[in-house]
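Residue numbers (our numbering), protein chains in the order written: chain A, 8 to 279; chain B, 8 to 279.
Here a beta-carbon is modelled for each residue, glycine too, at the ideal position from N, C-alpha and C.
One structure is given here, and the rest of the page talks about it.
There are 2 protein chains.
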Amino acid sequence: MSAIRSPRSDIRPEAAQAAAAQTKGTAYTKLAGVTAAADVIVTVVSDDAAMERIFAERGDSLLEGAKGKIFVNCATVTPAMHIEVQRRAEARGAHSLEACMASSITQARNGTLYLMVGGRRQVFERVQPMFAKMSASLRYIGEAGRAAQVKALVNMVMNINTAALAEGLGLGEAVGLDLTMLRDVFAQTGAHSRVLETDGEDMQNHEHEVYFSAEHAAKDSGIALGLAHEHDLNLPLAQATFDQYERMKALGLGQLDKSGVSELTFKNRSSA
Amino acid sequence: MSAIRSPRSDIRPEAAQAAAAQTKGTAYTKLAGVTAAADVIVTVVSDDAAMERIFAERGDSLLEGAKGKIFVNCATVTPAMHIEVQRRAEARGAHSLEACMASSITQARNGTLYLMVGGRRQVFERVQPMFAKMSASLRYIGEAGRAAQVKALVNMVMNINTAALAEGLGLGEAVGLDLTMLRDVFAQTGAHSRVLETDGEDMQNHEHEVYFSAEHAAKDSGIALGLAHEHDLNLPLAQATFDQYERMKALGLGQLDKSGVSELTFKNRSSA
């Protein structure tokens, strides 16, 4: 049985109801209801603002009556937010971990996620049996914020490689090359990448059913750029990629899959 | 036996002499000597300017006495230059092919190159037995210029992925992550790429022994950007990568391997 509440149940209560129906769980209308109903509370929200809201220090909050509970936060948010949530949880006698997922919807459904965990090691060890059921690969990275740093870097590099592939295929199309041949050559040479496998054919076919949205790609590249800024690092490729995903959002393409960045490069196909 | 001439024998005659000694060949002082000595003449030069020089229409040139000869040009130069060399060769009753190598020195020495060939198919078929000895993988791409287009795209994407990896590892170091762990996570997630395998450890160890120089990376990204310009395509990541490799040249790092782009990102290690 599971306790489910959409943090935006005011906006989309039907989503919480549907998930509850699917899992034979209960859809709560208050966050505190979820905390009361479970020992381990798994959260996946959109961004720092949503984390701030569900772990609010006042008003309806997962922190209400949280003593002894363990929060497992899977959203890709800033490392600083995970550290802050841990601070708030511990102030209430609760625990929190970040469990960053480096995979997508299919893996989540099948319990074959690649999970990177940050937080107190002894808390990690308590939750390990549950993590084992959620993941095919499980890795304790370090203290709070560390897994989120790694996740931000993974997605930053993935997003750059995705935008790179889009440029390669877009230029290939423009000069009149056969893109199936071109992808095949890329796969056998220094141009190969994981995103070539996951996104290359979708780019060629203009199929951008969302697994990981352009909007989320922009957010995650933005988190990495924030870290770079804190450390006075200039990352021109991460910046150019962030700009591309922001451009998608501005063009109303933010809900496409990240592969949709090719629509900015493929000639005569862009909404620009 | 081989006929060898360095197109810069005026600058580095010792290179031609050394290669001749290694291969029991002859180092010629004139280009026409090479053409006279062989039926198939393989060239690998730096750039369009060098191609222009060895296939000059006047003065000492490989084209002198070239009737019936086959030129196999392996340099990564513009597609337009390959088309022009074919035109010049055919005007003298000779033939030319582009044989673009998507691999490096080790593969060339071992005869295990990845070769992409452009030019007349019937000429390709005549030289195929020789190509078979040079390569582990051989692919006829299309008419003159086509293989060079593919090669430019391969290197453009490879160079972007390389600069992306440098940013990921550079930021990882700045925030204090263990880079061996980080490379391992990259390898298992959407951040994976061929250049992670070839260049990741070198970046971490600041070892940039040259296989493919930053200077050549700049040149090849520049060729791709030239194609993009011809087709009115804006490629912000290819441009940012070109700028990074140009920056390496400006800092006197152009002779490092392309992996040396990490020196621009790793904090406190840059010459900037």
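Here Phe249(B) really is in contact with Leu232(B); their C-beta atoms are around 6 angstroms apart, less than 8 angstroms. Under the 8 angstroms criterion on CB atoms, Lys256(B) is classed as non-interfacial with respect to chain A. Counting C-beta atoms within 10 angstroms of its own C-beta, Asn162(B) has 16 or more neighbours from the protein chains shown and is therefore classed as buried. Ser220(B) sits in a strand when the DSSP states are folded into three classes. For Glu105(B), the pairing in a beta bridge is given by DSSP as Asn80(B), Gly125(B). Scanning the region 194-274 of chain B from its first residue to its last, the whole alpha helix (DSSP H) runs of 4-plus residues come out as 201-212, 221-237, 243-257. Taken through DSSP and simplified to helix, strand or coil, Gly177(B) comes out as helix. Contact between the region 151-170 of chain A and the region 133-142 of chain A is absent, with fewer than three C-beta pairs closer than 8 angstroms. Contact of Tyr121(B) with chain A is assigned, a C-beta pair being separated by under 8 angstroms. Within the region 166-191 of chain A, those residues whose Cβ lies closer than 7 angstroms to any Cβ of chain B are, in chain order, Ile167, Asn168, Ala170, Ala171, Leu172, Glu174, Gly175, Gly177, Leu178, Gly179, Ala181, Val182, Leu184, Leu189.
Relative to the Cα of Leu38(B), the nearest Cα in the group Thr50(B), Ala28(B), Lys31(B), Thr30(B) belongs to Thr50(B). Counting only the Cα atoms, Arg99(A) lies some 43 angstroms from Ser200(B). Cβ-Cβ distances below 7 angstroms link Val130(A) to Ile77, His102, Leu104 in the same chain, with the five nearest sequence neighbours on each side left out; the list follows chain order.
Between Leu244(B) and Leu178(A), the C-beta gap is not smaller than 8 angstroms, which leaves the two residues out of contact.
With contacts defined as CB atoms closer than 8 angstroms, Gly118(B) and Leu172(B) fail to qualify as a contacting pair. Below the 9 angstroms Cβ cutoff, chain B contributes Ala171, Glu174, Gly175, Leu178 as neighbours of Ala245(A), in chain order. Residue-level contact check: Gln93(A) does not touch chain B, since none of the beta carbons of chain B fall below 8 angstroms from its beta carbon. Residues of chain A with a Cβ closer than 9 angstroms to the Cβ of Ala231(B) are, in chain order, Glu174, Gly175, Leu178.
In chain order, Met165, Asn168, Thr169, Leu172 place their CB closer than 7 angstroms to the CB of Val202(A), counting only its own chain and leaving out the 5 sequence neighbours on each side. Not flagged as an interface residue toward chain A: Asp46(B), since no C-beta distance is shorter than 8 angstroms. For Leu70(A), the three-state secondary structure derived from DSSP is coil. A Cβ-Cβ separation of about 4 angstroms places Gly125(A) in contact with Arg153(A) under the 8 angstroms criterion.
For His238(A) and Lys274(B), the gap between their C-alpha atoms comes out near 9 angstroms.
Taking the C-beta atoms as reference points, Cys107(A) is found no nearer than 8 angstroms to Thr85(A). Selection Val92(B), Ser142(B), Gln93(B), Arg94(B) evaluated against Arg116(B) yields Ser142(B) as nearest (Cα-Cα). Contact between the region 219-234 of chain B and the region 254-269 of chain B is present: 3 or more CB-CB pairs across the two stretches fall below 8 angstroms. Ala109(B) and Ala247(A) have their C-alpha atoms some 27 angstroms from each other. Take the alpha-carbon of Ala23(A) and the one of Leu69(A): they are about 16 angstroms apart. Look at Gly149(B) here: in three-state DSSP terms it is strand.
By the neighbour-count criterion, in which a residue is buried when 16 or more other Cβ atoms sit within 10 angstroms of its Cβ, Ala235(A) is buried.
Within a 10 Å sphere around the beta-carbon of His213(B) sit fewer than 16 other beta-carbons, which makes this residue exposed. Between the alpha carbons of Ala151(A) and Gln29(A) lies a gap of roughly 32 angstroms.
Within the model, the alpha-carbon separation for Arg254(A) versus Ala225(A) is close to 9 angstroms. Interface with chain B (8 angstroms Cβ-Cβ cutoff): Phe193(A) is included. One thing to note: Tyr147(B) has its Cβ no nearer than 8 angstroms to the Cβ of Arg127(B). By the Cβ-count criterion, Val41(B) is buried, with 16 or more other Cβ atoms from all chains shown falling within 10 Å of its own Cβ.
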